[in-house]
Structure formats: structure tokens, C-alpha cells
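Colleague: Structure provided below as C-alpha cells; questions to follow.
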Amino acid sequence: MCPIMLQLVNDGHAKCVDSYGDQKLLRFGACHHKGYNQFWQLTNKGQIRQSAKTFLCVNVDKPRVAIRCTGNPEWVYQEDRTLMNPSTGLCLQPSLKKNNDHFIMAECRGTQWQKWRFHLKELPDFVK
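Shown next as C-alpha cells:
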């Protein structure tokens, strides 16, 4: 079975969730469809992790969202297409501050900045 890659795209600005390979803070950037830094898996345990060979989990690290595999980070993709963290009751959204490419956790309001689409991709043969 071929692993599944998902690009997580925000409705508010049509940009993708991106790790930029630094394994510290989650950021958003133009969707380029080229690298692992924009490919994610949503597991049956509610974890969002970097797919394929780098298994990184998305954890809540107030006030920004960091990338670490500590604890048991859980996310619920809700019917309104928001990503909610049950332990905090807050939703993932990009920071709305000018020139800031990071994410924050905010009260779930279902705004365009909190709505997400998963774009499905398949891994190329050379990484299977």
C-alpha cells in the first residue's frame, strides 16, 4: 500500500502548513508540492505528523505551534473544517499579525483562517 501524503491548506490565504525543515516551529508558505516539509499525515489517533521518513508530531506550544513528538498531541478535524485540539479546546490558525508566518491557537470561531483542506498526494516510487 502506498503511503498517503496530505498537504494542509488554509482557506484564508491558500497557503500550506510547512515545517521548513527546522523541526521547531510550524509555519505556512506557498504550496510548492515538492518536499516533505509540506506533507503531513493525520493518524487514527488524531496526531498530525510529518509523513514518510520524518515522524514529527504537531504539538500545542503556546503562543505558537511547535513541531515535537512529546506527549500525545491530538487534533480533531471537525465538520466545519477546523482543526481543534481537545486538550485546550482551541483551534489552529495562522497568526494574523503582519509579516508573521507562524501559527497560533485561538478560540474556535469557524472563520476562514481556521478552515483547512487536505490535499491528497501519493508518494513517488523513490521514497516508498
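End of the sequence shown sits at 128 in the UniProt record's numbering; the numbers just go up one at a time, nothing left out.
Yeah, the Cβ is synthetic: ideal placement off N, Cα and C, and Gly gets one too.
#1: Put GLN114 into one of helix, strand or coil per three-state DSSP.
#2: Does the Cβ of ALA30 have 16 or more other Cβ atoms within 10 Å, making it buried, or fewer, making it exposed?
#3: If distances are taken between C-alpha atoms only, which option among VAL76, GLN93 and HIS32 comes closest to ALA66?
#4: Give the straight-line distance between the Cα atoms of MET84 and GLY35, rounded to the nearest whole angstrom.
#5: Need the endpoints of the beta strand (DSSP E) that TRP40 sits in, please.
#6: Kindly give me the distance between the Cβ atoms of GLU74 and LYS45, rounded to whole angstroms, as I take these residues to be in contact under 8 Å.
#7: Between the beta-carbon of GLY12 and the beta-carbon of TRP113, is there less than 7 Å?
#8: Which partner residues of TYR77 appear in the DSSP bridge assignment?
#9: When you compare only the Cα positions, how much space is there between ARG49 and LYS24?
#10: Rounded to the nearest angstrom, how far is the Cβ of THR82 from that of MET105, given a contact under 8 Å?
#11: At the level of alpha carbons, what is the spacing between LYS98 and LYS15?
#12: Strictly by DSSP, which residues pair up with ALA14?
Modeller: In brief:
#1: Along the sequence shown, one-based indexing puts residue 114 at 114. Helix at GLN114.
#2: On the sequence shown, position 30 is the one that residue 30 refers to. When all chains shown are included, ALA30 counts as exposed.
#3: For the purposes of this step, residue 66 is identified with residue 66 of the sequence shown, where counting begins at 1. Per the Cα distances, GLN93.
#4: If you number the sequence shown from 1, residue 84 lands on position 84. If you number the sequence shown from 1, residue 35 lands on position 35. Rounded to whole angstroms, MET84 to GLY35 spans 26 Å at the Cα level.
#5: Counted from its first residue, the sequence shown places residue 40 at position 40. Where TRP40 is concerned, the enclosing beta strand (DSSP E) stretches over 40-42.
#6: Within the sequence shown, residue 74 is the residue found at index 74, counting from 1. Within the sequence shown, residue 45 is the residue found at index 45, counting from 1. Indeed they touch by this definition, with Cβ atoms about 7 Å apart.
#7: By 1-based counting over the sequence shown, the position of residue 12 is 12. By 1-based counting over the sequence shown, the position of residue 113 is 113. In contact: GLY12 and TRP113 (Cβ atoms closer than 7 Å).
#8: By one-based count along the sequence shown, residue 77 stands at place 77. For TYR77, which the question treats as bridged, DSSP gives the partners LEU83.
#9: Taking the sequence shown and counting its residues from 1, one reaches residue 49 at position 49. Taking the sequence shown and counting its residues from 1, one reaches residue 24 at position 24. Using only the alpha carbons, I get a separation of about 13 Å.
#10: As a working mapping, residue 82 is identified with position 82 in the sequence shown. As a working mapping, residue 105 is identified with position 105 in the sequence shown. 11 Å between Cβ atoms; not a contact.
#11: For the purposes of this step, residue 98 is taken as residue 98 along the sequence shown, with counting starting at 1. For the purposes of this step, residue 15 is taken as residue 15 along the sequence shown, with counting starting at 1. Roughly 15 Å between the two C-alpha positions.
#12: By 1-based counting over the sequence shown, the position of residue 14 is 14. Paired residues: none, contrary to the question.
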